[in-house]
Amino acid sequence: QLPGGAITHDIYKWTEGVENEQAARRHRSQSVSLPRQIPGNHTLANLKDPGGFRRHFVVDQAARQGKPPPNWMTRTFVDFLALYGHFGGEDLSDDEGDDRSHIPRDEELATETTPLVLNIQPNAVQGTATPAKAVFLLLKSFVGTGVMFLPKAFHNGGLAFSSAVLTLIASVSLYTFLLLVETRARVPVSFGDIGGALFGPFMRLAVLIAITLSQIGFVCAYMVFVAQNVQALVESVSQCDTRVPLSYLILGQIVIFVPLAMIRKIQKLSVFALIADLFILIGLLYLYYFDLFTLAAKGVADVVWGINTTSFPLFIGTAVFTYEGVGLVIPITESMKDPSKFPKVLAGTMVFITALFLSVGFISYLAFGSNVQTVILLNMPGTPTVNTIQGLYALAICLSIPLQLFPAIRIIETGLFSRSGKFNTVVKWEKNIFRFLTVLVCAAIAIAGSTDLDKFVSLIGSVCCVPLCFFFPPLFHLKAIANTFKQKAIDIIIIIFGLTAMIYTTGITIVLWSAGGEALPISRCPS
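The sequence shown begins at 1 in full-length UniProt numbering and counts up by one.
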């Protein structure tokens with residue numbers, strides 16, 4: 001030991017002891033104040049989330065005023081609509097209709113008596129949805145118009161092939177949804193930003209384009225669905241005196257959708273969404289009843305029990321179209337009080353949804369055989385009850401179209417307009433014109449696709465939905481998570497499957513479409 005070393009030894013020892021004690025106190029303090037889950041806190045990752053700073057500010061203000069923090073997205077049934085404002089994890093909310101003109105002054109934010117370090121726990125932004133509510137949200141996300149296209153899709157594929165492929169697509173979709181959730185836990189940003197963080201701005205743009213195209217595709221298919229049902233309804237009610245062309249009925253929907261497209265706050269669509277869900281449920285229940293009644297009265301129709309070799313690729317695109325709900329996986333996960341339960345919730349819900357889809361497609365195809373229409377409701381006779389059900393279901397889809405269009409409009413608006421129109425009339429009217437033109441474009445695409453709806457739906461599923469489900473999630477997981485040979489192999493297999501399915505089904509659909517359109521829907525009137 002060097003002479004004089006004892007002079008500084010005690011000082012260093014005392015300093016080390018103080019630092020260790022402070023570190024221990026900090027460790028104990030953090031372990032007590034941190035909530036059960038890190039994602040609930042204002043970590044850097046959460047602040048980087050879309051709307052993170054905004055949520056942080058609102059929660060801090062509530063804590064300073066002695067109020068409980070707000071419950072995000074799933075506080076009530078109506079708040080389900082907020083999930084569409086965070087479609088794919090993107091912050092698509094529009095503040096033009098919000099009243100945020102009051103900016104707190106510095107003295108309102110802090111005083112001399114304000115603690116420098118606030119308790120973290122009250123400020124935690126956590127979801128509140130229980131597993132049961134998450135199941136409900138998932139059901140609302142998946143069950144809509146797509147189920148009505150399945151009977152015709154079963155005709156295109158054949159009973160055995162369609163049942164097997166639908167189950168396969170459901171299983172792979174479930175797996176890719178879970179891959180996306182796992183990747184998002186590692187890279188806690190939106191769907192598009194995950195691609196940007198892992199592969200650069202081009203990949204983020206690719207994801208946003210795919211989301212936009214898929215939502216516009218859904219809207220166009222729904223517009224044709226509504227038009228075909230209204231056409232049959234008018235024909236039935238007028239006792240065959242009136243048959244309105246589909247193009248006129250599609251253009252007529254512009255009168256409804258343009259005002260709804262101008263809505264800035266998506267929660268204002270809540271009434272329409274509630275009515276739509278009720279009507280969809282009524283339509284499904286009556287469809288089951290009518291199918292079983294038809295089978296009991298007439299027996300099994302002429303069906304292809306194995307595989308329909310002439311048109312089976314059409315089934316793949318339609319099946320993917322039916323299961324496309326990847327855009328709401330991230331926001332529903334965030335909405336849960338315990339996100340660790342989401343995989344089990346999603347798996348159970350997918351099993352139920354698959355059973356529902358299989359039963360609708362299988363039973364309806366057995367009931368109507370080769371005469372099954374692209375929209376199964378058109379196979380029902382024009383009785384007052386059927387007319388009512390058909391009208392309610394068409395109205396339900398009509399009311400849900402603005403909800404599907406909202407994410408696409410906001411994604412494009414965010415890219416085109418850098419300024420808000422809240423205090424700028426010119427910008428606001430530019431956005432209004434853009435929304436009007438978007439509805440017109442959707443109507444034009446719908447008219448073009450109305451001549452062959454089942455191929456149109458298949459094309460949307462192949463081109464727009466397959467990448468979102470079978471390409472981006474495994475690709476992102478491969479880059480961010482996969483570190484074993486098994487994980488990498490599975491991811492690569494799904495990527496190859498997705499690309500192959502997209503290219504093959506798209507090509508076949510185009511070839512079949514160019515070969516000639518389908519027959520006109522069954523007329524309830526004598527020729």
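C-beta atoms are modelled at their ideal positions from N, C-alpha and C, and glycine is treated no differently.
Cβ distance (whole Å) where residue i is taken to contact residue j below 8 Å
| i | j | result |
| --- | --- | --- |
| Val181 | Thr349 | So it is not a contact: roughly 14 Å between Cβ atoms. |
| Ala276 | Ala396 | 4 Å |
| Phe225 | Val375 | 6 Å |
| Gln231 | Leu249 | 6 Å |
| Gly325 | Ser141 | 5 Å |
| Val255 | Gly158 | Contact flag wrong, Cβ pair sits at about 41 Å. |
| Phe357 | Leu139 | With a Cβ gap of about 12 Å, Phe357 and Leu139 do not count as contacting. |
| Gln215 | Leu405 | 7 Å |
| Ile353 | Val143 | 7 Å |
| Asn156 | Ser311 | 4 Å |
Backbone CA spacing between residue i and residue j [nearest angstrom]
| i | j | result |
| --- | --- | --- |
| Gly252 | Leu137 | 31 Å |
| Ile363 | Thr484 | 43 Å |
| Ile445 | Lys486 | 43 Å |
| Leu166 | Ile411 | 31 Å |
| Cys464 | Phe177 | 16 Å |
| Ile494 | Phe470 | 6 Å |
| Pro122 | Thr388 | In this prediction, Pro122 scores a pLDDT of 38, lower than 50, which makes its location untrustworthy; no coordinate-derived value is stated. |
| Leu81 | Met203 | The pLDDT assigned to Leu81 is 49, lower than 50, so where the model puts this residue is not dependable; a value taken from the coordinates is nonetheless given after this. One C-alpha to the other measures close to 27 Å. |
| Phe279 | Pro473 | 33 Å |
| Val427 | Gly361 | 47 Å |
| Lys431 | Phe342 | 37 Å |
| Gly461 | Lys298 | 34 Å |
| Leu246 | Gly196 | 41 Å |
| Ile38 | Asp338 | Only weak support is given to the placement of Ile38: the predicted model assigns it a pLDDT of 38, under 50, and the question is left unresolved by the model. |
| Thr145 | Ala489 | 35 Å |
| Ile508 | Thr130 | 43 Å |
| Val300 | Ser162 | 17 Å |
| Leu459 | Pro381 | 30 Å |
| Ala515 | Phe199 | 40 Å |
| Leu314 | Thr505 | 7 Å |
| Ile263 | Pro188 | 30 Å |
| residue 528 | Phe434 | In the structure displayed, the chain extends from 1 to 527; residue 528 sits before or after that span and is not available. |
| Ile409 | Thr212 | 8 Å |
| Leu174 | Asp241 | 48 Å |
| Leu512 | Ile503 | 14 Å |
| Leu468 | Asp491 | 14 Å |
| Gly327 | Ile282 | 26 Å |
| Ala185 | Pro201 | 20 Å |
| Ser335 | Thr294 | 42 Å |
| Thr385 | Phe436 | 36 Å |
| Leu377 | Met148 | 8 Å |
| Ser190 | Gly391 | 38 Å |
| His477 | Ser340 | 18 Å |
| Glu413 | Phe290 | 44 Å |
| Gln228 | Phe497 | 34 Å |
| Asp98 | Ala319 | Confidence is the limiting factor: at Asp98 the pLDDT is only 46, short of 50, which leaves the residue's position unreliable, though a coordinate-based value still follows. Taking the straight line joining both Cα atoms gives about 39 Å. |
| Thr183 | Val457 | 30 Å |
| Leu403 | Leu274 | 12 Å |
| Leu499 | Val172 | 14 Å |
| Phe257 | Thr451 | 22 Å |
| Lys479 | Asn424 | 43 Å |
| Pro407 | Asp302 | 42 Å |
| Ala170 | Tyr323 | 7 Å |
| Ile481 | Phe321 | 27 Å |
Residue i CB to nearest heavy atom of the ligand ATP below 7 Å
| i | result |
| --- | --- |
| Leu437 | In the structure shown, the ligand ATP is absent, as is every other ligand, since no ligand is present at all. |
Short CB-CB distance (under 8 Å) between residue i and chain B
| i | result |
| --- | --- |
| Trp429 | Protein chain content of the structure displayed is limited to a single chain, and chain B is not contained in it. |
Could you say if the segment 340-356 and the segment 230-244 meet the contact criterion of at least three C-beta pairs nearer than 8 Å? By the Cβ test, the segment 340-356 is not in contact with the segment 230-244, since fewer than three Cβ pairs between them sit closer than 8 Å.
Please confirm if the segment 363-377 is in contact with the segment 202-210, defined as three or more CB-CB distances below 8 Å between the two stretches. Counting Cβ pairs under 8 Å, fewer than three are found: no touch.
Considering only residues of the segment 200-269, which uninterrupted beta strand (DSSP E) runs meet the minimum length of 3 residues and lie entirely inside it, listed in chain order? With a minimum length of 3 residues, no continuous beta strand (DSSP E) run stays inside the segment 200-269.
Flag this pair as touching only if the segment 215-233 and the segment 435-450 have three or more C-beta atom pairs under 8 Å; answer yes or no. Touching, per the Cβ criterion.
If we require 4 or more residues per run, which alpha helix (DSSP H) segments fall completely within the segment 449-487? With a minimum length of 4 residues, the continuous alpha helix (DSSP H) runs that stay inside the segment 449-487 are 453-460, 472-480.
Tell me the start and end of each unbroken alpha helix (DSSP H) in the segment 312-371 that is at least 4 residues and wholly inside, in chain order. Given a length threshold of 4 residues, each whole run of the alpha helix (DSSP H) inside the segment 312-371 is given here in chain order: 313-323, 329-335, 342-368.
Along the chain, which unbroken stretches of the alpha helix (DSSP H) at least 4 residues long are found entirely within the segment 147-194? As far as the segment 147-194 is concerned, its whole alpha helix (DSSP H) runs of at least 4 residues are 159-186.
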